[in-house]
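**Student:** Numbering (my numbering), first residue to last: 62 to 453.
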């Protein structure tokens, strides 16, 4: 840049006189980041507990590796949120910029900066890069840029037009969409009433994401594009699929013919993909369709399974059954399995994880009670308990 850095106009001194100027996260952003960090930490703690403590008829040892990876990802998100809320700070200098993070402070001279760009498809970030194209500094925009900040940026060369950062409202809506699937998983281990209350928002989540991307394209997009200034919703849908898989792993229902529900889930999945392709040109690619299929199919399957269970009505049928055998299964952990004798219309040989309350108290020859439920969608499942009411 000839003539040194900065504009040559006389009014340049007006904003340069305000330097050095420090920017930190706003109070609202700090509250959001702390709440997100706490929620992520609780999710990580719950995932780790599921690796150790069985839930009902569940034996989580078989999915321990998946849960540990999920906990690590949640802890990483919590750590990043805490970092942004507590340590993140930027100071504009007359001839440079200084960024403070948990790793310490780093300063750049403006003469070393060849350009900048906002990366808003994946969040609110500002990248400063060298003449070689290497990113020198990535700054999370957790504050509201003022006129001084914008004029400081305008004095830099830019390889692309300045994109407007994501608005706070769009970011908050996207955050709620991201958190909703996690609330659904948490509800699976709480009361049936909580599951029923969250079922409708969870069922509507893909449609809401498509509606936002279609009706408010200025603020939302399904597939990310850097510099667009729009919140990206496709990762939320992929996260929904991942959490749905987690839900299926940690809350199985013995005897439930889930494969019929998976086949039935193909219809709403294909309808949603067709709707997305019709409304949003950015998903009319093999990659976009594959992403939606990978996320929506397990998501719709999990919703049908939950609908079958939580909206089941009527009293379960109770059957006394004799335990034929118990054994330890060594598969990514050690857990106790039950082999049941014949009961109702079921032949002998049903194999299921021993409920937590029965461990150490039940052995071969002992009597148990099997409660057979009829689901809202016509598919039944059963649970094993200690004694039947008729045996007391």
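Just so it is clear, CB atoms sit at the ideal spot from N, CA and C, and this is done for glycine as well.
1. To the nearest whole angstrom, what separates the beta carbons of residue 149 and residue 199, a pair I think is in contact under 8 Å?
2. What would DSSP say about residue 156, mapped onto helix, strand or coil?
3. Kindly identify the DSSP beta-bridge partner or partners of residue 188.
4. Ordered along the chain, which non-local residues of its own chain (more than five positions away) have a Cβ less than 6 Å from that of residue 136?
5. Reducing DSSP to helix, strand and coil, say where residue 170 ends up.
6. Taking just the CA atoms, how far does residue 385 sit from residue 426?
7. So, for residue 433: in the same chain, excluding its five sequence neighbours on each side, which residues have a beta-carbon less than 7 Å away from its beta-carbon?
8. Can you tell me whether DSSP reads residue 148 as helix, strand or coil?
9. One question on the structure: do residue 400 and residue 429 come within less than 8 Å of each other, judged by their Cβ atoms?
10. Suppose you measure from the CA of residue 255 to the CA of residue 192; what does that come to, to the nearest Å?
11. Any idea if residue 335 is buried or exposed, counting beta-carbon neighbours within 10 angstroms, 16 or more meaning buried?
12. For residue 435 and residue 375, which I take to be in contact (beta-carbon distance under 8 Å), what is that distance rounded to the nearest angstrom?
13. Sort out for me which residues DSSP pairs residue 205 with in a bridge.
14. So residue 337 and residue 353 are in contact, right, with Cβ under 8 Å, and what is the actual spacing, rounded?
15. With a threshold of 8 Å on Cβ separation, who are the neighbours of residue 186 within its own chain once the five nearest residues in sequence on each side are excluded?
16. Does DSSP put residue 104 in a helix, in a strand, or in coil?
17. Of the residues 387, 264, 437, which one's Cα is nearest the Cα of residue 359?
18. Within 10 Å of its beta-carbon, does residue 156 have 16 or more other beta-carbons around it, so buried, or fewer, so exposed?
19. On the criterion of 16 or more Cβ atoms from any shown chain inside 10 Å, does residue 168 qualify as buried, or is it exposed?
20. Residue 457 and residue 153: beta carbons closer than 8 Å?
21. Specify the secondary structure class of residue 92 as computed by DSSP and reduced to three states.
22. If you follow the alpha helix (DSSP H) that residue 320 is part of, which residue opens it and which one closes it?
23. The alpha helix (DSSP H) with residue 405 in it runs from where to where?
24. Less than 8 Å between the beta carbons of residue 146 and residue 94, yes or no?
25. Going by beta carbon distance, what residues of the same chain come within less than 7 Å of residue 328, once the five residues before and after it are set aside?
26. Are there 16 or more other CB atoms within 10 angstroms of the CB of residue 366, so buried, or fewer, so exposed?
27. Helix, strand or coil for residue 442 per DSSP?
28. Please list the terminal residues of the continuous alpha helix (DSSP H) segment that includes residue 217.
29. Which same chain residues, not among the five before or five after residue 80, have their C-beta less than 8 Å away from its C-beta?
30. Spatial neighbours of residue 370 within its chain, please: CB distance less than 7 Å, with the 5 preceding and 5 following residues excluded, ordered by chain position.
31. Got a sec, what are the start and stop residues for the alpha helix (DSSP H) residue 353 sits in?
32. Taking C-beta to C-beta, are residue 323 and residue 438 nearer than 8 Å?
33. Would you check if the distance between the CB atom of residue 431 and the CB atom of residue 409 is smaller than 8 Å?
34. Measuring alpha carbon to alpha carbon, tell me which residue in 77, 86, 340, 361 is nearest residue 161.
35. Within 10 angstroms of the Cβ of residue 320, are there 16 or more other Cβ atoms? Answer buried if so, exposed if not.
36. Report the option in 267, 274, 280, 273 whose CA atom is closest to the CA atom of residue 332.
**Tutor:** In terms of the structure at hand:
1. The count along the chain shown starts at 1 and reaches residue 149 at position 88. The count along the chain shown starts at 1 and reaches residue 199 at position 138. Rounded to whole angstroms, the Cβ separation of residue 149 and residue 199 is 11 Å, and the two are not in contact under 8 Å.
2. Here residue 156 is taken as the residue at index 95 of the chain shown, counted from 1. Here residue 156 sits in coil by DSSP.
3. Mapped onto the chain shown, residue 188 falls at position 127. According to DSSP, which records beta bridges pairwise, residue 188 is partnered with 178, 199.
4. Start at 1 with the first residue of the chain shown, and residue 136 comes out as number 75. Cβ within range, chain order: 105.
5. Taking the chain shown and counting its residues from 1, one reaches residue 170 at position 109. In this structure, residue 170 counts as strand in the three-state DSSP scheme.
6. Indexing the chain shown from 1 puts residue 426 at position 365. Indexing the chain shown from 1 puts residue 385 at position 324. For residue 426 and residue 385, the distance between alpha carbons rounds to 6 Å.
7. For the purposes of this step, residue 433 is identified with residue 372 of the chain shown, where counting begins at 1. These residues qualify, in order along the chain: 377, 378, 380, 405, 441, 443.
8. The sequence position of residue 148 within the chain shown is 87, counting from 1. Here residue 148 sits in helix by DSSP.
9. Translated into the one-based positions of the chain shown, residue 400 becomes position 339. Translated into the one-based positions of the chain shown, residue 429 becomes position 368. In this structure, residue 400 sits away from residue 429, with a CB-CB distance that is not shorter than 8 Å.
10. Against the chain shown, residue 255 aligns to sequence position 194. Against the chain shown, residue 192 aligns to sequence position 131. Here the C-alpha atom of residue 255 lies approximately 55 Å from the C-alpha atom of residue 192.
11. Taking the first residue of the chain shown as position 1, residue 335 is located at position 274. By the neighbour-count rule (16 or more Cβ atoms within 10 Å), residue 335 is not buried but exposed.
12. Counted from its first residue, the chain shown places residue 435 at position 374. Counted from its first residue, the chain shown places residue 375 at position 314. Confirmed, Cβ separation roughly 6 Å.
13. Reading the chain shown from its first residue, position 144 is the one you call residue 205. Answer by DSSP bridge pairing: none, since residue 205 is not bridged.
14. In the chain shown, the residue the question calls residue 337 occupies position 276. In the chain shown, the residue the question calls residue 353 occupies position 292. Indeed, because the Cβ distance is near 6 Å, the residues count as touching under 8 Å.
15. Taking the first residue of the chain shown as 1, we reach residue 186 at position 125. Closer than 8 Å at Cβ, skipping near neighbours: 179, 180, 199, 200, 201, 202.
16. Here residue 104 is taken as the residue at index 43 of the chain shown, counted from 1. DSSP, read as helix, strand or coil, puts residue 104 in helix.
17. By 1-based counting over the chain shown, the position of residue 359 is 298. In terms of CA proximity to residue 359, 264 leads the group 387, 264, 437.
18. Reading the chain shown from its first residue, position 95 is the one you call residue 156. With fewer than 16 neighbouring CB atoms inside 10 Å of its own CB, residue 156 falls in the exposed class.
19. As a working mapping, residue 168 is identified with position 107 in the chain shown. An exposed status is given to residue 168, since fewer than 16 other beta-carbon atoms sit within 10 Å of its beta-carbon.
20. Any answer about residue 457 is impossible in this case: the structure gives the chain only from 62 up to 453.
21. One-based indexing of the chain shown puts residue 92 at position 31. In the structure shown, residue 92 falls within a helical segment according to DSSP collapsed to helix, strand and coil.
22. Within the chain shown, residue 320 is the residue found at index 259, counting from 1. Unbroken alpha helix (DSSP H) run through residue 320: 319-340.
23. Indexing the chain shown from 1 puts residue 405 at position 344. Bounds of any alpha helix (DSSP H) do not take in residue 405, whose DSSP letter is neither H nor E.
24. One-based indexing of the chain shown puts residue 146 at position 85. One-based indexing of the chain shown puts residue 94 at position 33. Result yes, Cβ atoms of residue 146 and residue 94 sit closer than 8 Å.
25. Here the question's residue 328 lines up with position 267 in the chain shown. Around residue 328, the same chain offers no residue with a beta carbon nearer than 7 Å, after the five sequence neighbours per side are excluded.
26. Here the question's residue 366 lines up with position 305 in the chain shown. Buried, because 16 or more other Cβ atoms sit within 10 Å of the Cβ of residue 366.
27. Working through the chain shown from its first residue, we reach residue 442 at position 381. When DSSP states are grouped into helix, strand and coil, residue 442 belongs to the strand group.
28. Residue mapping note: residue 217 aligns to position 156 of the chain shown, counting from 1. That residue, residue 217, is in no alpha helix (DSSP H); it is neither H nor E in DSSP.
29. Taking the first residue of the chain shown as 1, we reach residue 80 at position 19. Around residue 80: 153, 154, 155, 209, 213.
30. Your numbering for residue 370 matches position 309 in the chain shown. Excluding sequence neighbours, residue 370 sits near 314, 436.
31. Looking up residue 353 in the chain shown gives position 292. Per DSSP, residue 353 belongs to the alpha helix (DSSP H) from 347-371.
32. Position 262 of the chain shown, counted from the first residue, corresponds to residue 323. Position 377 of the chain shown, counted from the first residue, corresponds to residue 438. The criterion of a C-beta distance shorter than 8 Å is not satisfied by residue 323 and residue 438.
33. As a working note, residue 431 is residue 370 in the chain shown. As a working note, residue 409 is residue 348 in the chain shown. Taking 8 Å as the cut-off, the beta carbon of residue 431 is found no closer than this to the beta carbon of residue 409.
34. Residue numbering aside, residue 161 sits at position 100 when the chain shown is read from its first letter. For residue 161, the closest C-alpha among the options 77, 86, 340, 361 is that of 86.
35. In the chain shown, counting from the first residue as 1, residue 320 sits at position 259. Label assigned to residue 320: exposed.
36. The sequence position of residue 332 within the chain shown is 271, counting from 1. Residue 267 is the option with its Cα nearest to residue 332.
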